[in-house]
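Notes for the one structure printed next.
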Amino acid sequence: MSTATHNYKPRAGFDDSGASGLYHSARPNYPEASMQAILEAAQAGKPSPPLLNILEIGSGTGISTESLLREAGETKLKIVKYLAVEPSKGMRQGWDQAIRDKVLLDLRQSGKLPEEAEVSCIDGSFEELNAPKGEWDAVMIAQAWHWCPDHHRSLEAIASALRSGGHLALIWNLENKDTGAKWVGQLRDLYEPFEDGSPQYRHGYWKTMYKEAALEANFNIVEPKHFTRSIPTTVEGVKNRVLSKSYIGLLPQEKRDTLMKDIEALFSSKSDEELGRKWIDKANGIFEYPYTTDLYLFQKK
Numbered sequence: 001m002s003t004a005t006h007n008y009k010p011r012a013g014f015d016d017s018g019a020s021g022l023y024h025s026a027r028p029n030y031p032e033a034s035m036q037a038i039l040e041a042a043q044a045g046k047p048s049p050p051l052l053n054i055l056e057i058g059s060g061t062g063i064s065t066e067s068l069l070r071e072a073g074e075t076k077l078k079i080v081k082y083l084a085v086e087p088s089k090g091m092r093q094g095w096d097q098a099i100r101d102k103v104l105l106d107l108r109q110s111g112k113l114p115e116e117a118e119v120s121c122i123d124g125s126f127e128e129l130n131a132p133k134g135e136w137d138a139v140m141i142a143q144a145w146h147w148c149p150d151h152h153r154s155l156e157a158i159a160s161a162l163r164s165g166g167h168l169a170l171i172w173n174l175e176n177k178d179t180g181a182k183w184v185g186q187l188r189d190l191y192e193p194f195e196d197g198s199p200q201y202r203h204g205y206w207k208t209m210y211k212e213a214a215l216e217a218n219f220n221i222v223e224p225k226h227f228t229r230s231i232p233t234t235v236e237g238v239k240n241r242v243l244s245k246s247y248i249g250l251l252p253q254e255k256r257d258t259l260m261k262d263i264e265a266l267f268s269s270k271s272d273e274e275l276g277r278k279w280i281d282k283a284n285g286i287f288e289y290p291y292t293t294d295l296y297l298f299q300k301k
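In UniProt numbering, the protein residues as written are 1 to 301.
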């Protein structure tokens, strides 16, 4: 069994950022192609037209929920049940505000989500899903699997939830510092020292799951998929993206204020050439924020 020994206390920082709306407004959505890949996997072995049941673990404020529901609506796929599971009360509040109160109304009014579709968010964890067993076509975990403390228990729970032939989808967005946008690496040098041992996707510790007997016993590994893009941002947008990080949210206010000033200084003290900044609309301060999105799929045996 691989039980992680990281500092999980920073997860508490998500309660405030989730409830306040900061997390939802500061974090990017997911590329349409990545959502298409998950929906295609969910249809594996289903009769046509498929009726899909989707389970999401660590749903946060619903950024990934919205991305998947909207892509399903655009491609006219019928989701009959969507259950989001989230341990943070603040994040669940954020999910209700974004998804229940806005996105669902919009999708139903536009005919892109059936009125009878069941979409909800409940309390739960990686190991305690509180979800029916054997009926889910896909289990999606977006921007969260690196927080899982017990891969063995979670993989067993996910395998029990999935139907035979269903898929587990792990997906992450990550700021891409390998595109010539030198400011991304310079920015990360400012905030990453505050991680304090909290689990991070880029460190790859989550890959210990590949050594788990529960993975080999229950899943076939599918070839990963990778997507690149740039999204529009501003200096304020960059600052909010940093503030949405769990460990930054737990810093004393004085340290957060200093970090924000350091970020402002980074952009004001260097030329565009030194930063590798590519403008979208210079007059309004809008420039490119490069991202990569990594998708890992596992099919239940």
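Using N, Cα and C, we set each Cβ at its ideal position, and we do this for glycine too.
If you're wondering where the values come from, they're calculated on a predicted model, not measured in any experiment.
Cross-strand partners of residue i (DSSP beta bridge)
i: residue 287; result: 233 and 279
i: residue 384; result: Outside the displayed range of the chain (1 to 301) lies residue 384, so it cannot be described from this structure.
i: residue 240; result: Looking at the DSSP assignment, residue 240 forms no beta bridge with any residue, so it has no partner.
i: residue 300; result: 219
i: residue 141; result: 170
Proximity below 8 Å, CB of residue i to CB of residue j
i: residue 299; j: residue 235; result: no
i: residue 295; j: residue 238; result: no
i: residue 263; j: residue 174; result: no
i: residue 28; j: residue 179; result: no
i: residue 122; j: residue 57; result: no
i: residue 59; j: residue 85; result: yes
i: residue 161; j: residue 218; result: no
i: residue 112; j: residue 73; result: yes
i: residue 209; j: residue 155; result: yes
i: residue 198; j: residue 26; result: no
i: residue 71; j: residue 43; result: no
Limits of the unbroken beta strand (DSSP E) element including residue i
i: residue 80; result: 78-85
i: residue 202; result: Careful: residue 202 lies outside any beta strand (DSSP E) and carries neither H nor E.
i: residue 57; result: 51-57
i: residue 120; result: 118-122
Span of the alpha helix (DSSP H), counted from its first residue to its last, around residue i
i: residue 212; result: It is not in any alpha helix (DSSP H) - residue 212 carries neither H nor E in the DSSP assignment.
i: residue 222; result: Run containing residue 222: none; DSSP gives neither H nor E here.
i: residue 39; result: 32-42
i: residue 24; result: 22-26
i: residue 64; result: 63-74
i: residue 258; result: 253-269
Cβ-based burial, residue i [other Cβ within 10 Å; buried from 16]
i: residue 287; result: buried
i: residue 220; result: exposed
i: residue 116; result: exposed
i: residue 105; result: exposed
i: residue 124; result: buried
ask   = Hey, is the stretch 130-149 in contact with the stretch 92-102, meaning 3+ C-beta pairs nearer than 8 Å?
value = Cβ pair count under 8 Å is below three, so no.
task = Could you say if the stretch 25-42 and the stretch 151-158 meet the contact criterion of at least three C-beta pairs nearer than 8 Å?
result = The answer is no - the stretch 151-158 does not touch the stretch 25-42, with fewer than three Cβ pairs under 8 Å.
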